[in-house]
Amino acid sequence: MKKWTLSLLTLALVLVLSACGSNNAANNGAGSAAGGNAGTTNAGAAEGSSESGDTNTAAEPVKLVVGATVPHADILRFIAPKLKEEGVELEVKEFTDYVQPNVQLFEKELDANYFQHQPYLDEQNKQNSFDLVPVVGVHVEPFGAYSNKYKSADEIPDGAKVAIPNDPTNGGRALLLLQKQGLIKLKDDAGITATTKDITENPKNLKFVEADAAMLPRQLAEVDLALINTNYALEADLNPTQDALFIEDKDSPYTNILVARPDNKDSEAIQKLAKALTSDDVRTFINDTYKGALVPVF
């Protein structure tokens, strides 16, 4: 009887252990399957993420807002389609003054501007505590003297009223041009920021009127001679090479430049803009369109 009882207990124990082993194997198999499915799911997710990444990295246009006066704005519009092909969407914000383009660039309302020469930029940085920087030189706009009354400098009478820009660098530029023409003489150390106080000889007793550069074309009816920046002359339908009584040499140091900030001047978009502005296509466009009124420097 004891042997029979022991046999039954042994058989029961074997059955219990066998069942436990089967359950563990099943659980392990299920775990392996779950792990495999999870691995497949993760791989699929990773693959999906990669595809999504490829979609996200597809070139989306980088927008650049650039401030400019005429004719600079027209040059920018000319290169806009080419820049778009390179992933840069160019928005041209046109100005009619020389103050706001630098203010708005400094305040990050613009990404760059294109309207000024280096001496003017230097003066603006100094006066306003800006830290704007040049990116590339593009063209020179020979500064000219215009008159509605006279056809040559020799005709300018004694006591003639002469209008010049009222900003330091362009006012000085006008006086240097008048000196080169022999109409006045300046102090030896008078540079690009010369003022009327630096005049040492004025044989024709010229009377100087200072006005905002943008207003000078409108002054032509009221003065005998006006010294006008080329961009404002063009806006007033004046042709510098045909209408000016005299004009700066084409080797003028007043190169018009693309300007940015220290934090973005080396960005890919700004560098693409600089490259486009100094391309062969732009050289041809400037020469064909402005016929000497603007001279490429690249």
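Going letter by letter, the sequence shown gives residues -25 to -1, 1 to 273 in mature numbering (1 follows the signal peptide of the UniProt record, and there is no 0). Virtual Cβ for every residue (Gly too), placed ideally from N, Cα, C.
Beta-bridge pairing of residue i - partner residues as DSSP gives them
i           : result
residue 282 : For the chain, the structure presents residues -25 to 273; residue 282 sits outside this window and is missing.
L161        : I174
V270        : V115
K182        : K136
V37         : V63
For residue i, the three-state DSSP class (helix, strand or coil)
i    : result
T259 : helix
K68  : strand
V63  : strand
K136 : strand
L151 : helix
I203 : strand
K240 : coil
K225 : coil
T253 : coil
E210 : helix
D187 : coil
D142 : coil
L51  : helix
I245 : helix
T168 : coil
L58  : helix
Contact under 8 Å by Cβ, residue i with residue j
i           : j    : result
residue 345 : G42  : No statement about residue 345 is possible, as the shown extent of the chain runs from -25 to 273 and does not include it.
Y121        : A48  : no
A186        : D173 : no
T175        : K162 : yes
Q99         : N123 : no
L202        : P140 : yes
L269        : T216 : no
V184        : K126 : no
I245        : A87  : yes
V111        : A249 : yes
K68         : L85  : yes
V113        : F221 : no
L51         : V234 : no
L191        : A138 : yes
V45         : L252 : no
Whole-Å CB distance - residue i paired with residue j, under 8 Å assumed
i    : j    : result
S227 : V115 : 5 Å
T73  : A188 : The sequence as given places Tyr at residue 73; Thr does not occur at that position. Contact holds; Cβ gap of about 6 Å.
P117 : Q93  : In fact, because the Cβ distance is near 16 Å, the residues do not count as touching under 8 Å.
G147 : A169 : 4 Å
G62  : V37  : 6 Å
I159 : N177 : 5 Å
I232 : K179 : In fact, because the Cβ distance is near 35 Å, the residues do not count as touching under 8 Å.
Complete runs of the alpha helix (DSSP H) confined to the stretch 72 to 130 [at least 4 residues]: Positions of the alpha helix (DSSP H) runs, each at least 4 residues long and wholly inside the stretch 72 to 130, are given as 75 to 81 and 93 to 103 in order along the chain.
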